[in-house]
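Take the sequence shown: its letters are residues -38 to -1, 1 to 330, numbered as in mature numbering (1 follows the signal peptide of the UniProt record, and there is no 0).
Cβ atoms here follow ideal geometry from the backbone N, Cα and C, with glycine treated the same way.
Treat the numbers as computed from the prediction; the structure is a model and nothing was measured.
Written below as structure tokens is the structure these notes are about.
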Amino acid sequence: MKKDIWSFFIFTHSQIANALKMLLKSLLLFLLFQVCTSRDTLRSNEELKDDDGGLLVSKESSFELGFFSPGNSSNRYVGIWYSQCKVSEKTVVWIANRDNPINDTSGVFTINRYGDLVLYAYNMETSPIWSADVPHSVKNTGTLSAYVQLLDTGNLVMFQNDRDGIFVWQSFDYPTDTLIPGMKVGMNRKTGLEWVLTSWKSLDDPGTGDYTFRLHNWSHVVTPQYFIYKGLSKYWRGDTEPWPNSIRNAEEMSFFLTYNTNKLTIMKLMFSGLHQHLVWSDADHQWKELWSSPKYRCDWYGHCGANSKCSLDSGNLFECECLPGYEPKSINGWNGRDGSDGCVSKRVKVSECRNGEGFVKVERVKVM
């Protein structure tokens, strides 16, 4: 009797083991099917819905497009990010509705019957929360054949049809806070389109923040410079030397990141105003900083005001120093370690005029 019970016990466990194996195989096949059937294209009248996990995945699974919530926020946005197989840390590189979040999972991303690439929610199809800036001349011709495709560069591109391969809109023309290889910062002189990085408001809010990274000078004569602005005020200035990977001609002036098959690099403008160049570390599973600006007080544009220089070599003393022949405009400000008012020419007696005048060499400075 005991033998029969024991045999039954073994047989039952064997069945359970086989059932678990079958379940595991089925799960693996399902996941494989999901990967193999993931799409990179959205055609007219097709939809990506937030409530059913709608997702576009680029051909080589480098990037994904879908709905997400940043940080501790519950708001919903449509964005593009590196896929987990490329970057294990969620890294969003583009957002459609950064200033118009959705507060539930009713969002729908689609090409409507008018040929518009739109995002709507709350069942309000006729009142989009966001729409792509597609020319009307394009939308009025063959709207049923229009489609968008997520490329392995991370660029979301809209085509008018399958025949000519000419895109009519691309997400790369509308950066948010991150520059990835293939994207640009600068200006298309022909169309007037400006490529600008704009910071998030905070870690939890990708809305338009206080800082922008942009090209300052469009002149053919003067070497262009890249600035970080805080609002309308200059906050940081890049070097005057031409940046690597730059374009400067009659139609365009821009800077871009190049592709590197050995490592992933991005540039990011943080909500604090910090501009970072980052590289992905597979070993540490995180982004590592290559360089960043501004790092020091003297990196801030006009930190010491006019007719002065800023030097971190002054030890614990105030970093601002008036140029020879000048004195602080505001003694109180200077004593309070605020040099933003700058310096003014020293008041000298008439009898001392022209006494010892000449040129003074001032090294290691940038002219405002």
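- Assignment of alpha helix (DSSP H) within the region 255 to 306, counting only whole runs of 4 or more residues, yields 293 to 297 in chain order.
- For Asp124, the closest of Pro168, Lys291, Thr3, Ser292 by C-alpha to C-alpha distance is Thr3.
- Between the beta-carbon of Ser93 and that of Val110 there is about 12 Å, and that puts the pair past the 8 Å contact cut.
- DSSP places Lys192 inside the beta strand (DSSP E), whose first and last residues are 188 to 192.
- Boundaries of the beta strand (DSSP E) harbouring Val119: 118 to 121, taken from the DSSP string.
- Straight-line spacing of the CA atoms in Gly41 and Lys192 works out to 25 Å.
- Membership of His237 in the beta strand (DSSP E) is indicated by the continuous run 237 to 243.
- Residues Val19, Ser20, Ser23, Ser24, Phe25, Glu26 of the same chain have their beta carbon placed closer than 8 Å to that of Ser45, with the five preceding and five following residues left out of the count.
- Contact between the region 294 to 310 and the region 264 to 279 is present: 3 or more CB-CB pairs across the two stretches fall below 8 Å.
- Secondary structure of Phe233 (DSSP, three-state): coil.
- Sequence-distant Cβ neighbours of Phe218 in its own chain, meaning closer than 6 Å and more than five residues away, are Lys146, Asn207.
- Sequence-distant partners of Ile64 (beyond 5 residues in either direction) whose C-beta falls short of 6 Å from its own C-beta, in its chain, are Arg38, Ala83.
- For Gln111, the uninterrupted beta strand (DSSP E) run begins and ends at 109 to 112, by DSSP.
- Look at the beta carbons and you see the region 224 to 240 touching the region 136 to 145: at least three pairs across the two are nearer than 8 Å.
- The Cβ atoms of Tyr258 and Arg199 do not sit closer than 7 Å to each other.
- For Val306, same chain residues with a beta-carbon under 6 Å away, outside a window of 5 residues either side, are Lys291 in chain order.
- Under the three-state reduction of DSSP output, Ser93 falls in the strand class.
- Taking C-beta atoms under 8 Å as the contact rule, Ile57 and Asn7 fail to qualify, at a distance of about 24 Å.
- The closest CA to that of Phe30, considering only Tyr173, Cys47, Lys48, Thr53, is found on Thr53.
- In the structure shown, Asp66 adopts coil according to DSSP, grouped into three states.
- Within the same chain, and ignoring the five residues on either side of Ser216 in sequence, the residues whose Cβ sits closer than 6 Å to its Cβ are Lys146, Gly148, Ile209.
- Taking 7 Å as the cut-off, the beta carbon of Ser36 is found no closer than this to the beta carbon of Asp166.
- Pairing Pro137 with Trp162 gives a Cβ-Cβ distance that is not under 7 Å.
- Gly295 and Gly267 have their C-alpha atoms roughly 11 Å apart.
- Under the 10 Å beta carbon count, Leu118 is surrounded by 16 or more other beta carbons and is classified as buried.
- By the Cβ neighbour-count rule, Ser50 is exposed, with fewer than 16 other Cβ atoms within 10 Å of its own.
- In its chain, beyond the 5 residues on either side, Lys271, Leu285 have a beta carbon closer than 7 Å to the beta carbon of Val324.
- For Asn150, the enclosing beta strand (DSSP E) covers residues 146 to 150.
- Put simply, the backbone Cα of Arg151 is about 9 Å away from that of Asn211.
- Collapsing the DSSP output to three states places Asp201 in coil.
- Looking at Gly154, Phe129, Pro168, Pro256, the one whose alpha-carbon comes closest to that of Asn62 is Pro168.
- If you look at Gly16, you'll find it isn't in any beta strand (DSSP E); DSSP assigns it neither H nor E.
- Beta-bridge pairing by DSSP links Val80 to Thr72, Ser93.
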